[in-house]
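K.L.:
Residue numbering for the sequence shown follows UniProt numbering, starting at 1 and increasing by one per position. The beta carbon of each residue, even a glycine, is placed where N, CA and C say it ideally should be. Here it is: the structure, laid out below.
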Amino acid sequence: MPPEGSQNSIGVVLAANGDVFLRSEAGVRQVEAGAEVFRGEELVTGSGSTAEIRFVDDTLLSQGADSAISLDDYVFDDSVSEAELLFKMSQGTFRLVTGKIAEQNPDRFQVGTPLATIGIRGTTIVSEISPGGGQKIGVEEIHAGKALLVQSISGEIRMIANARELVDIAMSGQLGSVRPMTASEFDSFREIAPSAIRQEQEIQQQRQEEEQQEQQGDPQDQGQDEQGQDAQGEGDQQGEAEGGETGGPAIPGQGVLDPGLGVILAGELGQGDPFGGGLGDSPFAVAAAEIEDLAEDIFSAINSNDITTAQNLLNNLQGEIDDVIDELLENIPEGTEGQTYTSSDGTNFSQGAETGEYWKGTINVDYYDGNGGNDTIFGDKGNDVLYGGIGNDTVSGGDGSDTLAGGDGIDILSFEDNSAGVDACLSSGTAVSNGEIDYFTGFEAIKGSSHDDFLYGSGAVETFYGSSGSDEMSGGGSGNWLSYVDGSNGVFINLGGGSVTKIGTSDSDTIYDFDHAIGTNNADTLTGNSSSNTLMGGAGADNLDGGGGNDILIGGTGIDKLTGGLGADTLTGGSDTADYFFYYNSTSAYLGDTITDFQTTVDKIKVNSSAFTTTTVVQDPGYATESSPIAPGTGAAFVYDSTNNKLFYDTDVTDGVAGELVAIVDTVVDGDIINTV
């Protein structure tokens, strides 16, 4: 525990490695383990240094190198309820475990940064403020029913309710979507906190012992309490939620910010009550009533500004909401495929056809099941629940806070009709646009809006459809596809450089973790990275360069230029006009390709004259299998062996040494190979 030397002492230094200072108006003092800490001081660590503090309420602070945090305000007394904490991080890396202040008075436990304010509800938070000004804020561990609230200087808000998740903040204050914390990020935050981690274990053990002592108590009093609680437990089940707050009923189920939450919260957020005056005696009345009953407790907590209790209730709604939604969709009368049932309040329940269709919702709440076929589903207005069903579907919620599910097949989550940019994360299943939140699951592809978007993958193989605006897209793993097939202008895509330039516009995209790309129907330039890429040009005169790896290049229609680069690549020029296949290096690492659709006398193989000293092609059937290859002529030549469709480059056709395999290709004659200009 902290020393008792000063009434103003708010904590004690657990560990100080390297240059660790406490700075105040009185000056600067270098500290070691055991030093007292006072309100108003600033903790500063130098290069390669770390520090850890335990505050008197058992809050634990760990600080990495080149970091600074101001301990602006701190009030705590076990006997006083007006406890508060206000710290301001200015730079560096931090790990903070909340103590008794966060439990007793969570609204007065706040941590500020240059870009955001953090509201903490019983959790272990981590933060990294980079020298360039960007920032990460996340959660390492979190108590049941708690959440981390982040509000940036731009006014945006994110809530992190699961362990090992974080949010990125740009210098502008724009918040990214909540995403999983990487293993390296998780380890880097814990590396600065060895003493705090040990202290956490001691604190937890101490609290468990205290709870056991409280539970033992007076047997007679305990019996009276149990009798007094019986009626309440069997009736409305009102009691205390975690942290001592008065909560609603304990509802079975698990999950945080579950799909369907947008429907429940719609009325409270001023977006219209999705159930209006109820559904009367319709077959959906019972299910709707269940949702309304659950929502009343949440609304009550929100109205009284009891966010902790509201979140605690939300954590228990997953199972109930999923069951209710399933019941609503399943109870649409049989034989109504392609038809719509409308309740007295205007809520629509629809079953799609088995053959696939285009379906557009109404301005009210819509429940729609696409059933079979490849559907295009657009919710339009209202807080909708949309399900693609079987088939390759495109689902767009439109305006409102929607719940969306792709179903079986390869499904696209689309925001192309949104009136504002979107922050969407396939991993967390959430999207925020224009202040509205969508919840979704079961999508293999995502398409942004015509505005500036932030799109994040889940780590699985997924397709991202680029659109207008300057977007940031992160695949989150290997094997992801980037497609601009619907683009109205050509693009320059550089997978290795992480950039996309849109010709004729001022828009550009920033991309991470993509291995495959599809261009527009205009002239595109696609460049791969060091992995094995698939590049597809589409229509238009495209320029494709695979870079490293064993790539697949497909030019499509139009006069295309294909360069395999390093590795054994597969090159397809496409139909129609002449295509060009480029070779700039005569070493084996850059050769050994397969050209699938070479048209002799139409297509051309273009070679760099500094690497290839001739363009002459000679025919020598059996050249590849001869023990001492000798092609007709003298000096260097390209040799085509028609018995196995292999094209070689031989620097000396008379020396008995086989040349390098350039490509496997159908029929190459003299005149098909030309020099690059």
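Under the assumption that residue 706 contacts Ser127 (Cβ atoms under 8 Å), give the Cβ distance between them as a whole number of angstroms.
P.N.:
Since the first residue shown for the chain is 1 and the last is 677, residue 706 is missing from the structure and cannot be characterised.
K.L.:
List, from N- to C-terminal side, the beta strand (DSSP E) runs of 3 residues or more that fit wholly inside the stretch 363 to 408.
P.N.:
Entirely contained in the stretch 363 to 408, the beta strand (DSSP E) runs reaching 3 residues are, in chain order, 366 to 369, 376 to 378, 385 to 387, 394 to 396 and 403 to 405.
K.L.:
Would you kindly report the start and end of the unbroken alpha helix (DSSP H) that includes Asp187?
P.N.:
Here residue 187 is taken as the residue at index 187 of the sequence shown, counted from 1. Element bounds for Asp187: Ala183 to Glu191.
K.L.:
From Phe514 to Gly356, what does the alpha carbon distance come to, in whole angstroms?
P.N.:
As a first step, residue 514 is located in the sequence shown; it is residue number 514 there, counting from the start. As a first step, residue 356 is located in the sequence shown; it is residue number 356 there, counting from the start. Near 31 Å, if we compare the C-alpha coordinates of Gly356 and Phe514.
K.L.:
Check whether the Cβ atoms of Phe581 and Lys606 lie closer than 8 Å to each other.
P.N.:
The residue you call residue 581 lines up with position 581 of the sequence shown. The residue you call residue 606 lines up with position 606 of the sequence shown. Cβ distance < 8 Å, so Phe581 and Lys606 count as in contact.
K.L.:
Find out if the Cβ-Cβ distance for the pair Asp66, Lys100 is shorter than 8 Å.
P.N.:
If you number the sequence shown from 1, residue 66 lands on position 66. If you number the sequence shown from 1, residue 100 lands on position 100. It is not a contact, given that the beta carbons lie outside the stated cut-off.
K.L.:
Could you tell me which residues DSSP puts in a beta bridge with Gly138?
P.N.:
Translated into the one-based positions of the sequence shown, residue 138 becomes position 138. In DSSP, Gly138 forms a bridge with Val126 and Leu166.
K.L.:
Check whether the stretch 631 to 646 and the stretch 607 to 621 touch, using three or more Cβ-Cβ pairs below 8 Å as the test.
P.N.:
The stretch 631 to 646 vs the stretch 607 to 621: in contact.
K.L.:
Would you identify the three-state DSSP class for Ile493, choosing helix, strand or coil?
P.N.:
In the sequence shown, counting from the first residue as 1, residue 493 sits at position 493. Strand at Ile493.
K.L.:
Here's the rule: buried if 16 or more other CB atoms are within 10 angstroms of the residue's CB, otherwise exposed. What is Arg29?
P.N.:
Sequence index remark: in the sequence shown, residue 29 carries index 29 (1-based). So Arg29 counts as exposed.
K.L.:
Is Val263 helix, strand or coil by DSSP?
P.N.:
Translated into the one-based positions of the sequence shown, residue 263 becomes position 263. Because the pLDDT of Val263 is 32, which lies under 50, any placement of that residue in the model is unreliable, and the number read from its coordinates should be weighed accordingly. Reduced to three states, the DSSP call for Val263 is helix.
K.L.:
Within the same chain, show all residues whose beta-carbon is closer than 6 Å to that of Tyr583, passing over the 5 residues directly before and after it, in chain order.
P.N.:
The residue labelled residue 583 in the question sits at position 583 within the sequence shown. Excluding positions up to five away in sequence, the list reads Val607.
K.L.:
Quick one: what does DSSP say Asp107 is sitting in, helix, strand or coil?
P.N.:
For the purposes of this step, residue 107 is taken as residue 107 along the sequence shown, with counting starting at 1. It is helical.
K.L.:
Would you tell me roughly how many angstroms separate the C-alpha atoms of Ile192 and Asp579, rounded to the nearest one?
P.N.:
For this step, residue 192 is matched to residue 192 along the sequence shown. For this step, residue 579 is matched to residue 579 along the sequence shown. Going by the C-alpha atoms only, they are around 57 Å apart.
K.L.:
For Ala568 and Ala663, I'd like the C-alpha separation in whole angstroms.
P.N.:
Looking up residue 568 in the sequence shown gives position 568. Looking up residue 663 in the sequence shown gives position 663. Using only the alpha carbons, I get a separation of about 9 Å.
K.L.:
Can you tell me whether Arg95 is buried or exposed? The criterion is at least 16 other CB atoms within 10 Å of its CB, across all chains shown.
P.N.:
As a first step, residue 95 must be located in the sequence shown, where it is residue number 95. By the neighbour-count rule (16 or more Cβ atoms within 10 Å), Arg95 is buried.
K.L.:
Can the beta-carbon of Leu544 be found less than 8 Å from the beta-carbon of Gly555?
P.N.:
Here residue 544 refers to the residue found at position 544 when the sequence shown is read from its first residue. Here residue 555 refers to the residue found at position 555 when the sequence shown is read from its first residue. Closer than 8 Å, so yes.
K.L.:
Can you grab the Cα-Cα spacing for the pair Ala589 / Asp620, in whole Å?
P.N.:
In the sequence shown, residue 589 corresponds to position 589, counting from 1. In the sequence shown, residue 620 corresponds to position 620, counting from 1. Between Ala589 and Asp620, the C-alpha separation is close to 24 Å.
K.L.:
What three-state label does DSSP hand Ile157 in the structure shown?
P.N.:
As a working mapping, residue 157 is identified with position 157 in the sequence shown. Here Ile157 sits in strand by DSSP.
K.L.:
Take the Cβ of Ala51 as the centre, count every other Cβ of all protein chains shown within 10 Å, and call the residue buried at 16 or more, exposed below.
P.N.:
Residue 51 sits at position 51 when you count from the first residue of the sequence shown. It is buried - the Cβ of Ala51 has at least 16 other Cβ atoms within 10 Å.
K.L.:
With a cut-off of 8 Å, do at least 3 Cβ pairs link the stretch 456 to 470 to the stretch 181 to 191?
P.N.:
Judged by Cβ distances under 8 Å, the stretch 456 to 470 makes no contact with the stretch 181 to 191, as fewer than three pairs qualify.
K.L.:
Output the boundary residues of the beta strand (DSSP E) element that contains Leu482.
P.N.:
For this step, residue 482 is matched to residue 482 along the sequence shown. Taken as a continuous stretch (DSSP letters only), the beta strand (DSSP E) holding Leu482 covers Trp481 to Ser483.
K.L.:
At which residues does the beta strand (DSSP E) containing Gly11 begin and terminate?
P.N.:
Locating residue 11 in the sequence shown gives position 11, counting from the first residue. It spans Ser9 to Asn17 - the beta strand (DSSP E) in which Gly11 sits, taken as one unbroken run.
K.L.:
Could you tell me how far apart the beta carbons of Gly379 and Gly391 are, in whole angstroms, since I believe they sit closer than 8 Å?
P.N.:
As a working mapping, residue 379 is identified with position 379 in the sequence shown. As a working mapping, residue 391 is identified with position 391 in the sequence shown. Not really, about 18 Å apart at Cβ, beyond 8 Å.
K.L.:
Going by DSSP in three states, Ser588 sits in which element: helix, strand or coil?
P.N.:
Taking the first residue of the sequence shown as position 1, residue 588 is located at position 588. Note: Ser588 maps to helix in three-state DSSP.
K.L.:
Out of Gly397, Thr342 and Leu571, which has the shortest C-alpha to C-alpha gap to Ser433?
P.N.:
For the purposes of this step, residue 433 is identified with residue 433 of the sequence shown, where counting begins at 1. For the residues Gly397, Thr342 and Leu571, the minimum Cα distance to Ser433 belongs to Gly397.
K.L.:
Which same chain residues, not among the five before or five after Glu416, have their C-beta less than 8 Å away from its C-beta?
P.N.:
The count along the sequence shown starts at 1 and reaches residue 416 at position 416. Same-chain partners within the cutoff: Ser396, Lys447, Gly448, Ser449, Ser450 and Ser467.
K.L.:
In this structure, does DSSP put Ala196 in helix, strand or coil?
P.N.:
The residue given as residue 196 occupies position 196 in the sequence shown. It is helical.
K.L.:
Considering Cα atoms alone, identify which of Gly548, Thr557 and Ser575 is closest to Gly564.
P.N.:
Here residue 564 corresponds to residue number 564 of the sequence shown, with the count starting at 1. Taking only the C-alpha atoms, the option nearest Gly564 is Gly548.
K.L.:
Please determine, among Thr634, Thr577, Thr572 and Thr376, the residue with the shortest C-alpha to C-alpha distance to Val665.
P.N.:
Your numbering for residue 665 matches position 665 in the sequence shown. Closest by alpha carbon: Thr572.
K.L.:
Measuring alpha carbon to alpha carbon, tell me which residue in Leu386, Asp107 and Ser428 is nearest Val365.
P.N.:
Along the sequence shown, one-based indexing puts residue 365 at 365. Looking at the Cα atoms, Leu386 is the closest of the given residues.
K.L.:
Where DSSP assigns a beta bridge to Lys100, which residues make up the other side?
P.N.:
Sequence index remark: in the sequence shown, residue 100 carries index 100 (1-based). Partner(s): none; Lys100 has no beta bridge.
K.L.:
Taking the C-alpha atoms as reference points, what is the distance between Asp560 and Lys502?
P.N.:
Within the sequence shown, the letter at position 560 stands for residue 560. Within the sequence shown, the letter at position 502 stands for residue 502. For Asp560 and Lys502, the distance between alpha carbons rounds to 19 Å.
K.L.:
Of all the options Gln199, Phe55, Gly498 and Ser627, which has the alpha carbon lying nearest to the alpha carbon of Phe87?
P.N.:
Locating residue 87 in the sequence shown gives position 87, where the first residue counts as 1. Checking every option, the nearest Cα to that of Phe87 belongs to Phe55.
K.L.:
For the beta strand (DSSP E) containing Ser468, list its first residue and its last residue.
P.N.:
On the sequence shown, position 468 is the one that residue 468 refers to. Premise fails: Ser468 is in no beta strand (DSSP E) and is neither H nor E.
K.L.:
Would you report the Cα separation of Thr577 and Phe189, rounded to the nearest angstrom?
P.N.:
For the purposes of this step, residue 577 is identified with residue 577 of the sequence shown, where counting begins at 1. For the purposes of this step, residue 189 is identified with residue 189 of the sequence shown, where counting begins at 1. If I take the Cα positions, the gap works out to 57 Å.
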